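Here is the structure we will look at, set down as structure tokens.
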RNA sequence: GCCGCGGUGGCGGAAUUGGUAGACGCGUUGGACUCAAAAUCCAAUAACCGAAAGGUUGUGAGAGUUCGAGUCUCUCCCGCGGCACCA
């Protein structure tokens, strides 16, 4: 047998598998379906990252095991190809993003293929392909027609560096998630998706799926449901009261002042009555100018201005209370106004102390323990100093007190609507057209246009967004124009706005001159439904055939990065739930099971990055050690869900292991029949261990179990053929190439990957004897081999007969003896 | 600050879920092979004491529950991730 030469055998088998279409999912199969999914890569110019390899290998192992267990497996791949880095690269090098993308996906494809992943390449998709984004646009229009898309002037997070608006989810620590640049608030017209309409559904849906708990918890926090009440505080001589949202109506008697967000519209309404309006104005200006980062950096030092001349009435106590504005109250949450209860809220307390406002205690801890001086009791307890509600527990008093002042019980969410516009080039154009004629028409049903021509009615989306007309389905996709200039602008307009020939169009409704929307979608759009397109990737009539969707959905197992839990995962659940409500997809929740891999760090634990020069290129590892070694190493490197540091020496270990497997697989060492009870038992233990470990993603210990088996084989001159072949099958999902080669070297004609998954025999893994540990007072003092079925009595007499034990006992009688069958005996004296 | 995860040899990490702590791998040391080196193979490898037999200590710190704790409970320290004025 030749030396182990991975480069030769790996390329050879990859070609054979591809030719045989071994991994293509057959929709007509009678087998039970299994849908395994990984997050499709963003084809960046840097090429594949070893982190991709970790996730894809893990799911590849799962997919391969499922096939062997008799499932028809769908394990697809594609490209999340729209995005900023490609656009920025294109601008810098003056190459069209389409060409850059082509180059990058070609490279990624080559790299992925060199690793022997069992992807179904016949279903490859690309989000920047017009045939794909036609349907991204189409789904957007469905959202639009359902009233879930709207354009509004809003303060958005503007990244000064990328020159792009960011969703809340994309701002990390006051900085741009992508480039780390400074983010400031800017007022802009933006398309928004009403994800908040799905807040409750997204929350409830979590109960029905099997996600790792961290992902669930993070989503729950992000959605941030809280139950409370709307309370009204009348303002003397004014028509409108000030409405606040509170989760603690039980503290109403302790509310001593109100605070409005600086942007609160009532501030302007009350302008004539506010004696210090110039001061108020100055404060509002200052808080508007603060960037996100400044706001966070100022360490929450409370600031604010009283609206002098304005008072509100506490509806419970009928007392007058001052009204303030402060930026610690957020305009976007609740009503943008709060009742301040300094005795029972730390923020209010801090504010009250700073501005010398009244503090009134109205809730006592249930334990009756006094509250320490200077501390705030924010918990629930027993209501006091609240008239007829005294002595009532908070939980009850909440709703009783709210009722007594005609408060309305409501639920609030922290989730905000999704900023869906990007003022960029390399994304899906938003398929809408602005028509000023139709805008007038919408405002006045008797206007000229509709009387002159007989025209279709406005759709729901068009009514809600007067002037915005949906591009008709037959004209989708709205393709990106082919141009040379795609520089973003400081004014915040999309580069598409400069392409007059593209912008100018005819209104789909009235046929008159109109303008195209020049914003494009964020790059979360294409990935919000790609798992559906895989199911029917070439369909030209619909985004995916419903029957096919019914067959393959939901995704049975989805593995991806923790960094996508509140972005991609939430967005795609939203889209899928929406499509479900439209009866366009068969299941409410797209992903049945979600797991997550840990990051791969550079040597020494630093994050891999080009600037640190510690990026490991999978190509060079494959070249030096082979794909099987890289796969095996990444599985062996550490617990799958935890971050791990790359270590070149580690690859040596698995390479030695593979070389050993190679030597053992020499046909000269394989006997047709070679009885070996001991090795057979170990094999069955290995089957059990590896099978279980794959399910729990404990790949590191699965590999270790294979190593133990191989080490044992190395002690043998000859190996039984059946035994060896079974072991190869167990190892094959991890190292598909070497196992295929060794399988065929033995004369097998079918691929090892078409063989069934071995099942262990429970009888064979039961040991006939075991090492009984003898403890004295909990300390290990002796151990010896005994037969498996040994009873406590037998074990005791054997143990007590031992010289060592006798010596320790020194003649005293044991007080108590604990026997753990199959394990130990503990003698207590 | 709040939520989640974690802390085990020189290193990455195991530990049947309360039952021999350190599987497997790296590294290190010694040996075999070799003219030599590499590769490979064999052996040793938690620390301390001891020539050895053996003993003592040991899973971030401290307490507790238990015949028995890396594992359970409490308090604290440290690291990582997420959220962060959400009323």
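Numbering (this note's numbering), first residue to last: 448 to 1276.
Each residue gets a CB set at the ideal place from its N, CA and C atoms; glycine is no exception.
Since the structure is predicted, the reported quantities are computational estimates derived from the model, not experimental observations.
Expressed to the nearest angstrom, what Euclidean distance is found between the alpha-carbon atoms of residue 672 and residue 731? Computed Cα separation, rounded: 29 angstroms.
Cutoff 6 angstroms; reference residue 997; Cβ partners in own chain excluding five residues on either side: Counting only Cβ-Cβ distances below 6 angstroms, and skipping sequence neighbours, we find 1033.
Ignoring anything shorter than 3 residues or poking outside the region 498 to 524, list the beta strand (DSSP E) runs there in chain order. As far as the region 498 to 524 is concerned, its whole beta strand (DSSP E) runs of at least 3 residues are 518 to 521.
For residue 626, which residues in the same chain have their Cβ closer than 6 angstroms to its Cβ, ignoring the five residues on either side in sequence? Excluding residues within five positions, the ones whose Cβ falls inside 6 angstroms are 608 and 609.
Identify whether residue 962 lies in helix, strand or coil by the three-state DSSP scheme. Residue 962 sits in a strand when the DSSP states are folded into three classes.
Where residue 955 falls, given that 16 or more other Cβ within 10 Å makes a residue buried: So residue 955 ends up on the buried side.
For the pair the region 564 to 583 and the region 966 to 984, tell me if three or more CB-CB distances fall below 8 angstroms. With a cut-off of 8 angstroms, the region 966 to 984 and the region 564 to 583 count as touching, because enough Cβ pairs lie within range.
7 angstroms Cβ shell around residue 923 - same chain, five flanking residues per side excluded: Excluding positions up to five away in sequence, the list reads 581, 584, 585 and 878.
Can you name, in chain order, every residue of its own chain whose Cβ lies under 6 angstroms from the Cβ of residue 795, other than the five neighbours on each side? The residues 787, 788 and 789, in chain order, have a CB closer than 6 angstroms to that of residue 795 in the same chain once the five nearest residues on each side in sequence are set aside.
So which of 653, 702, 485 and 456 has the shortest CA-CA distance to residue 761? Answer by Cα proximity: 702.
Pairwise C-alpha distance: residue 804 and residue 721: Taking C-alpha positions only, residue 721 is separated from residue 804 by approximately 19 angstroms.
Helix, strand or coil, according to DSSP, for residue 1273 in the structure here? Residue state, collapsed to three classes: strand.
Is DSSP giving residue 986 helix, strand or coil here? Of the three classes helix, strand and coil, the one that applies to residue 986 here is coil, per DSSP.
What are the complete beta strand (DSSP E) segments, minimum 3 residues, inside the region 975 to 1024? Counting whole runs of 3 or more residues, the region 975 to 1024 contains the beta strand (DSSP E) stretches 1004 to 1008.
Bridge partners of residue 915, per DSSP? As computed with DSSP, residue 915 is found in a beta bridge with 881.
Can you tell me whether residue 1063 is helix, strand or coil according to DSSP? In the displayed model, residue 1063 falls within coil according to three-state DSSP, outside both helix and strand.
Within its chain, find whatever has a CB closer than 8 angstroms to the CB of residue 1079; leave out the 5 residues flanking it on each side and keep chain order. The answer, listed in chain order, is 1101, 1104, 1105, 1150, 1181 and 1182.
Buried or exposed by the 16-neighbour rule on C-beta atoms within 10 Å, applied to residue 1188: By the 10 Å Cβ count, residue 1188 comes out buried.
Quick one: what does DSSP say residue 609 is sitting in, helix, strand or coil? Coil.
Please name the residue or residues paired with residue 829 in a DSSP beta bridge. Answer is 811 and 840.
Using alpha carbons as the reference points, say which of 690, 1111, 497 and 1179 lies closest to residue 1159. Checking every option, the nearest Cα to that of residue 1159 belongs to 1111.
With 16 as the cutoff for other CB atoms within 10 Å, does residue 1260 come out buried or exposed? Under this definition residue 1260 is an exposed residue.
Please determine if the region 1030 to 1050 and the region 1085 to 1101 are in contact, where contact requires at least 3 C-beta pairs separated by less than 8 angstroms. With a cut-off of 8 angstroms, the region 1085 to 1101 and the region 1030 to 1050 count as touching, because enough Cβ pairs lie within range.
Pull up the DSSP beta-bridge partners for residue 675, would you. Per the DSSP secondary-structure output, residue 675 pairs in a beta bridge with 857.
What residue from 737, 643, 818 and 1239 has the CA that sits closest to residue 859's CA? Among 737, 643, 818 and 1239, the Cα nearest to that of residue 859 belongs to 643.
So the beta strand (DSSP E) residue 639 belongs to, where does it begin and stop? First-last of the beta strand (DSSP E) with residue 639: 630 to 640.
By how many angstroms is the C-alpha of residue 476 removed from the C-alpha of residue 621? The C-alpha of residue 476 is placed about 51 angstroms away from the C-alpha of residue 621.
Express the C-alpha separation of residue 1141 and residue 1006 in angstroms, rounding to a whole number. For the pair residue 1006 and residue 1141, the Cα-to-Cα distance works out to about 13 angstroms.
Would you report the Cα separation of residue 651 and residue 1237, rounded to the nearest angstrom? Roughly 52 angstroms separates the two Cα atoms.
Short check: CB of residue 872 to CB of residue 624, under 8 angstroms? For residue 872 and residue 624, no; Cβs fall outside 8 angstroms.
Just the C-alpha distance for residue 528 and residue 1184, rounded to the nearest angstrom, thanks. Rounded to whole angstroms, residue 528 to residue 1184 spans 30 angstroms at the Cα level.
Option in 500, 537 and 523 with minimal Cα separation from residue 510: Just measuring C-alpha positions, the residue of 500, 537 and 523 sitting nearest residue 510 is 523.
For residue 1042, report the span of its beta strand (DSSP E) as first-last. Per DSSP, residue 1042 belongs to the beta strand (DSSP E) from 1040 to 1044.
Among 1030, 554, 785 and 1156, nearest to residue 589 - alpha-carbon criterion: Ranking the options by Cα distance to residue 589, first place goes to 1030.
For residue 692, is the classification buried or exposed, using 16 other Cβ atoms within 10 angstroms of its Cβ as the cut-off for buried? Burial call: buried.
Cβ pair residue 881, residue 944 closer than 8 angstroms: Cβ distance not < 8 angstroms, so residue 881 and residue 944 don't count as in contact.
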